[in-house]
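Protein chains: 2
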Amino acid sequence: MRDSVDDFLDQWAALRSDLDLEAMGAVGRLLRLTRLVDKEVGRYFAEHGMERWEFDVLATLRRSDRPLTPKELAANVMVSSAALTNRIDRLAARSLVAREAVPGDRRSLHVTLTDAGRRLVDSTVEGHVRNERRMLAELDAEDCEELNRLLRTLVNTLEGGR
Amino acid sequence: MRDSVDDFLDQWAALRSDLDLEAMGAVGRLLRLTRLVDKEVGRYFAEHGMERWEFDVLATLRRSDRPLTPKELAANVMVSSAALTNRIDRLAARSLVAREAVPGDRRSLHVTLTDAGRRLVDSTVEGHVRNERRMLAELDAEDCEELNRLLRTLVNTLEGGR
DNA sequence: AGCGAATCATTCGACGTCGAACTATCTCTC
DNA sequence: GAGAGATAGTTCGACGTCGAATGATTCGCT
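Order-wise, the sequence lines are chains A and B.
Count along the first sequence starting at 1, add 22, and that's the number in the numbering used here.
Count along the second sequence starting at 1, add 22, and that's the number in the numbering used here.
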């Protein structure tokens, strides 16, 4: 079975047979697959009247099970702290999170989940994960494990130390 | 060996043991890994005085080995046609591509690589692929093949038909 | 204690992308 | 062959993000 990236690789092979097709293929598929997954995830949340970035922030707070500072949130969600200020503003306006003072350091603050925010995450996370599973449906249990093993290795490599 | 996504999964497991960790892990790693790869690729091109999007467009033209319409380019690069107009403008301003009339359809046009554009792609693609290989260095040949197999399956699934 | 460096969140300006509207051209049908 | 609808690329307005600058507070060193 071939995929669209194979076509892409064939084109390069015809012109520059010196290139490392295995590497190009892996990275190419990674990027393409992520775009497709992103789109599908976005579609799911849109159907549930939510945006992807809202879930990212709320879910990070939920799974951490404690208030987080904007800095911690930014690191988890992988956006700039400027973007986070904006996101917190909008979530707070809808009363899904609240800003609270952090005792002992007035530079910083704690972002907490409100009850409404927590209810919203809890009610969407299940369907979201089901949707993720559905996207992997073509992989049997063994393949899925193998995929996780390979990706884990790469994540570790690129995250540097750890 | 564990990675940062394992921590993330542990947090969910502690609170919601009903969730499908295998699926969350795979998708989570996919997204995280792509971010890391993106950053590294960006770093490489920045070092060579180039931006990622420039390479994307030029490389698509190069490997196609023929003039492409903006519509074809947009599909390959996965951005809107509006974004493509902007990119072509900027590449044309630097004389890396040229717009030419397409015979028989005056609505459309052909984007062609100039000699300078072609030289630029050819001189950077090699190092770029070497860099990609370097990111996969932890995987032996067999693992790399396996990764491509798994990703190919998923790309095919999510691309629908084909 | 006190002063400079470091750290934190926010604000600001610039930039790239998107979807929608727009113009021009082509195609299909009667 | 003429008109309706489809299709191509571009323009426009809105939006979210980023890096840099800002203001407030804390830490480290002597």
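Each residue gets a CB set at the ideal place from its N, CA and C atoms; glycine is no exception.
In this text the structure is predicted, and so the values were computed from the model without any measurement.
Does the stretch 100-110 of chain A come close enough to the stretch 46-53 of chain A that 3 or more CB-CB pairs lie under 8 Å?
Between the stretch 46-53 of chain A and the stretch 100-110 of chain A there are fewer than three C-beta pairs closer than 8 Å, too few to call the two in contact.
In angstroms with no decimal places, state the Cα-to-Cα distance between V133/B and L31/A.
Each residue's Cα considered, the two are about 21 Å apart.
By how many angstroms is the C-alpha of D29/A removed from the C-alpha of V63/A?
Distance between the alpha carbons of V63/A and D29/A: 26 Å.
From T175/B to D162/B, what distance separates their C-alpha atoms?
CA-to-CA, the gap between T175/B and D162/B works out to about 20 Å.
Contacts around T91/B, its chain only, beta-carbon distance under 6 Å, and the 5 residues preceding and following it disregarded
Cβ-Cβ distances below 6 Å link T91/B to S130 in the same chain, with the five nearest sequence neighbours on each side left out; the list follows chain order.
Entirely enclosed alpha helix (DSSP H) segments - the stretch 53-107 of chain A, minimum 4 residues:
Along the length of the stretch 53-107 of chain A, whole alpha helix (DSSP H) runs at least 4 residues long occupy 74-86 and 92-99, reported in chain order.
Same chain, Cβ closer than 7 Å to A138/A, neighbours up to 5 away in sequence not counted
Excluding residues within five positions, the ones whose Cβ falls inside 7 Å are S117 and L118.
Whole-angstrom distance between L172/A and L169/B, CA atom to CA atom:
Cα to Cα, L169/B sits roughly 7 Å from L172/A.
Starting from T134/A, follow the beta strand (DSSP E) in both directions and report where the run begins and ends.
Unbroken beta strand (DSSP E) run through T134/A: L131 to L135.
How far does the alpha helix (DSSP H) with A35/B in it reach, from first residue to last?
Secondary structure note for A35/B: its alpha helix (DSSP H) is the uninterrupted segment S26 to L37.
Let's see if you can read the secondary structure: which residues bound the beta strand (DSSP E) around E168/B?
From DSSP, E168/B is part of no beta strand (DSSP E) but of the alpha helix (DSSP H) over A163 to L180.
Terminal residues of the beta strand (DSSP E) in which R121/A lies
From DSSP, the beta strand (DSSP E) with R121/A extends over V119 to A123.
Top-ranked residue by Cα proximity to A114/A, from E44/A, G126/A, E69/A and L135/A:
The closest CA to that of A114/A, considering only E44/A, G126/A, E69/A and L135/A, is found on L135/A.
Less than 7 Å between the beta carbons of R74/A and F67/A, yes or no?
Yes, the pair counts as a contact, with Cβ atoms nearer than the cut-off.
What is the rounded straight-line gap between the Cα of W34/B and the Cα of V147/B?
Those two C-alpha atoms are separated by around 41 Å.
To the nearest angstrom, how far is it from the Cα of V151/A to the Cα of S145/A?
Their backbone Cα atoms lie some 11 Å apart in a straight line.
In three-state DSSP terms, what is R51/A?
Here R51/A sits in helix by DSSP.
If you measure between the beta carbons of R38/A and V79/A, is that distance less than 7 Å?
No. Outside cutoff.
What whole-angstrom Cβ distance do V177/B and V59/A have, given they're in contact under 8 Å?
About 10 Å separates the two Cβ atoms, so there is no contact after all.
When the Cα atoms are used, what is the spatial distance from L53/B to K93/A?
Each residue's Cα considered, the two are about 20 Å apart.
Coarse secondary structure for L142/A, derived from DSSP in three states:
Note: L142/A maps to helix in three-state DSSP.
Chain B contacts made by the stretch 100-129 of chain A, where a contact means CB separation under 9 Å
Look at the stretch 100-129 of chain A: the residues with a C-beta under 9 Å from a C-beta of chain B are M100.
Coarse secondary structure for D40/B, derived from DSSP in three states
Secondary structure of D40/B (DSSP, three-state): coil.
Beta-carbon within less than 7 Å of L158/B's beta-carbon, same chain only, minus the 5 sequence neighbours each way: which residues are those?
Same-chain partners within the cutoff: C166.
In this structure, how does DSSP classify R109/B when only helix, strand and coil are distinguished?
DSSP, reduced to helix, strand and coil, places R109/B within a helical segment of the structure shown.
Between which residues of its own chain and L230/B is the CB-CB distance below 7 Å, once the five residues before and five after are set aside?
The requested residue 230/B does not occur in the structure, where chain B is confined to residues 23 to 184.
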